[in-house]
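J.:
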Amino acid sequence: MKIKFLSIIASFFLASFVITSCLDNDKNNIEYSSDATIHAFELDTIGRGITYKFTIDQMKGEIYNEDSIPVHADTIVDRILIKKMATASGIITMKDKSGQDSIINLSDSFDLRKPVVFTVYAPDMQNKKTYKVDVRRHKHDPDSLLWTYIGKIQDEITGAQKTVRFKNGYYLYSVVNNTLKVYQSNDLKQWDGGKATTGITDGLPTSIIAFDKEKLLLASFANKVYESADGISWKESDKIKGNISTLVSLWEGLEGDRKLTYIKEENEEKYICEVAESFSEESEKKIKLPANFPTEDFSYTTIKKESNTYNIIVGKHFPSVAIDPETTTTIVWGYDGNIWTDLSPATNPVSYCPEFEHPVILHYNNQLYIWGDEFKSIYTSRNEGVSWSPANPKFAFPHQNKGEINTGKSLFEGRTNFSVIHDTEKDYIYVLFSTSNVAAAENNIDHRSQVWRGRLNSLWFLHSRR
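Residue numbering for the sequence shown follows the numbering used here, starting at 1 and increasing by one per position.
Listed below in structure tokens is the structure:
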């Protein structure tokens, strides 16, 4: 940066004042302005030609941008032009390397990665005002997931698990020493030591759903449905009759009406069924299970629109659905409270969703996301499940080497026996892991029981402003 010394310029002002005084013979004194304020400030464009608006706080002497610039823009603002810094013909200075006031040259670039202090001298050279220019920058990439380890469950949990939110708490079920136990938490951070369930001896349920605030429903491997009011004591339910292999989803309409969907087996045939919240036999409707419909290990998410509510559902297919001899796919289904729709035909070889073991689907930030066991990839859909593609690399699981670019293996890679809770109010994604025997010492990755919490940075900015 080219810098002119203040003392030289000041001498010109002094000389001009002396000459003028002599010529006017003290009769027509010129009064110079005492205004030492900055009236306007503007930087050159940043990123994709974007001009950021700056606020001038005259009381505090601060100039800053209310909308933060992108996290990686430090490679732009380290050498950027100040297009405008308007004053009442005053002199603007900053400290040079030796700590002396030096007049700035706006044709040169400035390093604004850190706050910079400017001093404005009024034309009368008697008044001055100091301003701190702070170019605010996002600390995190808004398109990235920020993950935090928040706690553990119990290391005795080593197998498959299922977690459900119920009565303002969380209930995790897993079989430990041949006993189905339930672990409870109010915040997903701290968990109790677990209690043995009663009334059910069929191992880990195939599915579990909180039907309302008063009861949990589960389907067992013995094709029975159980219900519980406290998550601990269970009894066989008389609300749904027949051989129920698994619960699929709970659909809730915009008016508060509810329908439970499930798979029933009758006469060696499978049916996808729905029943109203009254659980009356008359309200049960069933259709023969479509050929491409999953049969177990279901995961579903909900999309709410002005006109209706839609459940988006994935699960395990038997046999796997193949596009070609080397490629298997996940078929995504939609349910609007009345009709089931195949959303992703397997005949599409370009935008299909690959098959996942233990698939999880979320509607998050107006997109659908899906992943499964071993956490090797995430796929996303922007059109509600019709077409799929790999997610933005920034939307990823936590990595060993943190930085602007993820390097090394994901801390989740290779892990199985997990469950996911989506906090739709605060936009958090919780992943709960059982203790794993997958190469626990490999790369010093901890494979004990863990709970991780992730959220998209742009949504963090949104919540922080509320």
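For each residue, glycine too, the CB sits at the ideal point set by N, CA and C.
Counting along the chain, where does the beta strand (DSSP E) carrying S207 start and finish?
T.: Counting along the chain, the beta strand (DSSP E) containing S207 begins and ends at 207 to 210.
J.: By DSSP, does H447 sit in helix, in strand, or in coil?
T.: Coil.
J.: Bridge partners of S109, per DSSP?
T.: DSSP lists L81 as partners of S109.
J.: Considering only the beta carbon of each residue, do S434 and I69 sit closer than 8 Å?
T.: No, they are not a contact pair.
J.: Using the Cα positions of E306 and L368, report the straight-line distance between them to the nearest angstrom.
T.: Going by the C-alpha atoms only, they are around 18 Å apart.
J.: Have a look at the DSSP bridge pairing and note the partners of D423.
T.: In the DSSP output, where bridge partners are listed per residue, D423 has Y428.
J.: Does DSSP put T75 in a helix, a strand or coil?
T.: In this structure, T75 counts as helix in the three-state DSSP scheme.
J.: With respect to the beta strand (DSSP E) encompassing W333, which residues constitute its N-terminal and C-terminal limits?
T.: W333 -> beta strand (DSSP E) spans 333 to 335.
J.: Below 7 Å CB to CB, which residues in the same chain sit around Y149 once its five sequence neighbours on both sides are set aside?
T.: Once the five neighbours on either side are set aside, the close Cβ partners of Y149 are Q450, W452.
J.: Looking only at its own chain, which residues have a Cβ that is under 6 Å from the Cβ of Y262, when we skip the five neighbours before and after it?
T.: These residues qualify, in order along the chain: I244, L247, V248, C273.
J.: Helix, strand or coil: which one does DSSP assign to F395?
T.: F395: coil per DSSP, three-state reduction.
J.: If I'm right that Y52 touches D67 with Cβ under 8 Å, what's the distance once you round it to whole angstroms?
T.: Contact holds; Cβ gap of about 6 Å.
J.: State the beta-bridge partners of Q184 as determined by DSSP.
T.: Q184 pairs with Y171.
J.: In the structure shown, what three-state DSSP assignment does S278 receive?
T.: Here S278 sits in coil by DSSP.
J.: Helix, strand or coil: which one does DSSP assign to S233?
T.: Looking at S233 - three-state DSSP - the assignment turns out to be strand.
J.: Leaving out the 5 sequence neighbours to the left and right, which residues in its chain are closer than 8 Å to T87 when beta-carbon positions are compared?
T.: So the qualifying residues of the chain are D35, A36, T37, I38, H39, V120.
J.: Can you name, in chain order, every residue of its own chain whose Cβ lies under 8 Å from the Cβ of S458, other than the five neighbours on each side?
T.: Once the five neighbours on either side are set aside, the close Cβ partners of S458 are P142, D143, N365.
J.: Taking 6 Å as the limit between beta carbons, can you name the residues of its chain near R448, skipping five residues before and five after?
T.: Hits under 6 Å: D155, T435.
J.: So, helix, strand or coil for S458, using DSSP?
T.: If DSSP states are grouped into helix, strand and coil, S458 belongs with the helices.
J.: Going by the CB atoms, is the gap between G231 and F298 shorter than 8 Å?
T.: Contact flag unset, no.
J.: Alpha carbon to alpha carbon, how far is V18 from F54?
T.: Note that V18 has pLDDT 47, beneath the 50 cutoff, so the model's placement of it is unreliable and the number below is only indicative. Approximately 39 Å between the Cα atoms of the pair.
J.: In angstroms, rounded to a whole number, what distance separates the CA positions of S280 and K259?
T.: In a straight line, the C-alpha of S280 is about 12 Å away from that of K259.
J.: Give the straight-line distance between the Cα atoms of H422 and Y170, rounded to the nearest whole angstrom.
T.: One C-alpha to the other measures close to 12 Å.
J.: For the segment 370 to 386 against the segment 330 to 340, do three or more pairs of beta-carbon atoms, one drawn from each stretch, fall closer than 8 Å, so that the two count as touching?
T.: Touching, yes, given that three or more Cβ pairs across the two stretches are closer than 8 Å.
J.: Taking C-alpha atoms, which residue in Y271, A276, G151, G90 lies nearest to I287?
T.: Considering only alpha carbons, the answer is Y271.
J.: Given a cut-off of 8 Å on the beta-carbon distance, is the pair L216 and S228 in contact?
T.: Cβ atoms of L216 and S228: closer than 8 Å.
J.: Just checking my contact of G159 with K189 at CB under 8 Å: how many whole Å lie between their CB atoms?
T.: The pair is not a contact, with the Cβ atoms about 22 Å apart (cut-off 8 Å).
J.: Can you tell me whether DSSP reads D134 as helix, strand or coil?
T.: Of the three classes helix, strand and coil, the one that applies to D134 here is strand, per DSSP.
J.: Determine the closest residue to Q58 out of N105, V71, T130, with distance taken between C-alpha atoms.
T.: The option with the nearest alpha carbon to Q58 is T130.
J.: Can you give the Cα-Cα distance for S233 and T197, rounded to whole angstroms?
T.: One C-alpha to the other measures close to 6 Å.
J.: Output needed for D134: all residues of its chain with C-beta closer than 6 Å, excluding positions within five of it in sequence on either side, in chain order.
T.: Y64, P115.
J.: Report the rounded CA-to-CA distance for V386 versus T45, giving the unit in angstroms.
T.: Their backbone Cα atoms lie some 38 Å apart in a straight line.
J.: Look up E374 in the DSSP assignment and say whether it is helix, strand or coil.
T.: If DSSP states are grouped into helix, strand and coil, E374 belongs with the helices.
J.: Between the Cα of K60 and those of V117, T93, P123, L43, spot the shortest distance and give me the residue it belongs to.
T.: Minimum Cα distance to K60 is reached at V117.
J.: Rounded to the nearest angstrom, what separates E212 and W251 at their Cα positions?
T.: Checking the sequence, you will find Asp at residue 212 rather than Glu. If I take the Cα positions, the gap works out to 11 Å.
J.: Would you call R455 buried or exposed, if buried means 16 or more other Cβ atoms sit within 10 Å of its Cβ?
T.: Looking at its Cβ environment, which holds 16 or more other Cβ atoms inside 10 Å, R455 is buried.
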